[in-house]
Amino acid sequence: MPLALQLMPILCALMPSLDQPQTKKLSALSHALLTWYDGNARSLPWRISPSDRRHGIIPDPYRVWLSEVMLQQTTVPAVRDFFQRFTDRWPSVHDLAAAEEGQVMAEWAGLGYYARARNLHACAKKVAGELDGVFPKSAAELQTLPGIGPYTAAAISAICHDERVGVLDGNVERVLARFHALSHPVRDLKPELREALTQTVPERAGDYAQALMDLGATICAPRAAFCDRCPLLPGCRAAKADPLDFPVRPEKKPRPSRFGHVFVMRDMDGRVKTGTRPRRGLLGGMHEFPGSDWTEGAEPGPQFPVEGHWKQAGKVHHVFTHFALTLTVWRLDLERRETGPDWVDEERLGDLALPSLFRKVAVAAGLEIR
DNA sequence: AAATCGGGGTG
DNA sequence: CACCCAGATTT
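With the first letter of the first sequence counted as 1, position 147 gets the number 146 in numbering that gives the first Met the number 0; the numbers rise by one all the way through.
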């Protein structure tokens, strides 16, 4: 066995890790962090500023919940406009619960992770129907609702009711991984980390959670660390070396390349053939254009959906890197007038629950789409 | 425990 | 292009 491998366990044991003294150090710095937050909090549409919060203004749980679900694995810039449209259209949980699921999906189109939209609507119906429109206050109860996991439950209860729970999102994971100089991927010790964080939460639990997240977003950022402006610098282990060495990421597997065909069929009256994807799986429940399966390794045969009714076929290769997916987009202009519920006016494609992938397909096929 | 689920931003 | 982001759910 190579010497390096023999030494590995010893090196790991020597590396600083999550321990009690370090947690106490963070606890001692919590007030410095809150002071930093009072002067440096980001202004966000769903947030109550620390000043307003001190004057007794309480956040609206509906808006906090909506923002937290939208922000799951999604950046603030991407969420802003969606949050504004949702709250304009559905100002309360009752309004959202009364909406058609399809309307919610259509409004969510472009934000990604579409199971979130279905869970969002299911949760709204539950809260409006069974709970008289009042969200539960404790994290434990919140986590029983669809689409609300450990993070979102803690975030809502801390921000809205100052429940003293550890709010552990990607930003806070990074801050803590650096503060403790964790030598293992956070994934492997997330429950311990969340518990340790809970021990440090002060009275202003909501502001503390948001302070840690803002610190991760602006000071202790993924690809940069401005330690000279960090209120946690005095106790931070990574700052003594290179903060960018943390967090340690687990190896990720490459995605296999996939290939497929998509058919953008347009009849003489300007109507386009659409379909609805299964509720489960990739882009579940969203609209689509018909096409082949997306197969690994090699391109499938064209599998044209119509025989002899099209007069012109434009062919465009388009690569969608997000899915490691290469699609061949076919534009089929039909000679015969088609009818049916799946045929939609080209001008109204923008109203559909069409994910970004298929919007790009439409553009690649030469359609006008808003 | 690992895989899956989108899309946009950034260096 | 690779990596990351206010994670949850399914397998």
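Virtual Cβ for every residue (Gly too), placed ideally from N, Cα, C.
| Check | Outcome |
| --- | --- |
| Taking only runs of the beta strand (DSSP E) that begin and end inside the region 56–135, which ones reach a length of at least 3 residues, in chain order? | none |
| Which one or two residues does DSSP pair with glycine 313 in a beta bridge? | Arg330 |
| Please report how far the alpha carbon of arginine 276 lies from the alpha carbon of histidine 286, in whole angstroms. | 6 Å |
| If you measure between the beta carbons of valine 328 and valine 261, is that distance less than 8 Å? | yes |
| Excluding sequence positions up to five away, which residues of its chain have a Cβ less than 8 Å from the Cβ of leucine 333? | Met264, Arg265, Asp266, Met267, Val305, His308, Trp309 and Lys310 |
| Determine the closest residue to lysine 189 out of Pro201, Thr151 and Ala176, with distance taken between C-alpha atoms. | Ala176 |
| Identify the continuous beta strand (DSSP E) that holds glycine 259 and give its terminal residues. | 257–265 |
| Enumerated in chain order, which unbroken segments of the beta strand (DSSP E) with a length of 3 residues or greater are wholly contained in the region 137–213? | none |
| In this structure, how does DSSP classify arginine 270 when only helix, strand and coil are distinguished? | strand |
| Between which residues of its own chain and leucine 10 is the CB-CB distance below 7 Å, once the five residues before and five after are set aside? | Note that leucine 10 scores 42 on pLDDT, short of 50, meaning its location in the model is unreliable; the coordinates nonetheless yield the value given after this. Excluding sequence neighbours, leucine 10 sits near nothing in its chain. |
| Could you check what DSSP says for histidine 286 in three-state terms: helix, strand or coil? | strand |
| Bridge partners for aspartate 344 per DSSP, in chain order? | Arg270 |
| Roughly how many angstroms separate the alpha carbons of phenylalanine 81 and serine 91, rounded to a whole number? | 15 Å |
| Reducing DSSP to helix, strand and coil, say where cysteine 219 ends up. | strand |
| Which two residues bound the contiguous alpha helix (DSSP H) that contains threonine 22? | 19–27 |
| Have a look at Leu366, Pro60, Phe134 and Leu211 and flag the residue whose alpha-carbon is nearest the alpha-carbon of leucine 28. | Leu211 |
| Comparing alpha-carbon positions, which option in Gly169, Ala297 and Ala152 lies nearest glutamate 162? | Ala152 |
| Excluding five sequence neighbours on each side, which residues of the same chain lie with their C-beta closer than 6 Å to the C-beta of isoleucine 147? | Leu141 |
| Got a sec, what are the start and stop residues for the alpha helix (DSSP H) lysine 359 sits in? | 355–363 |
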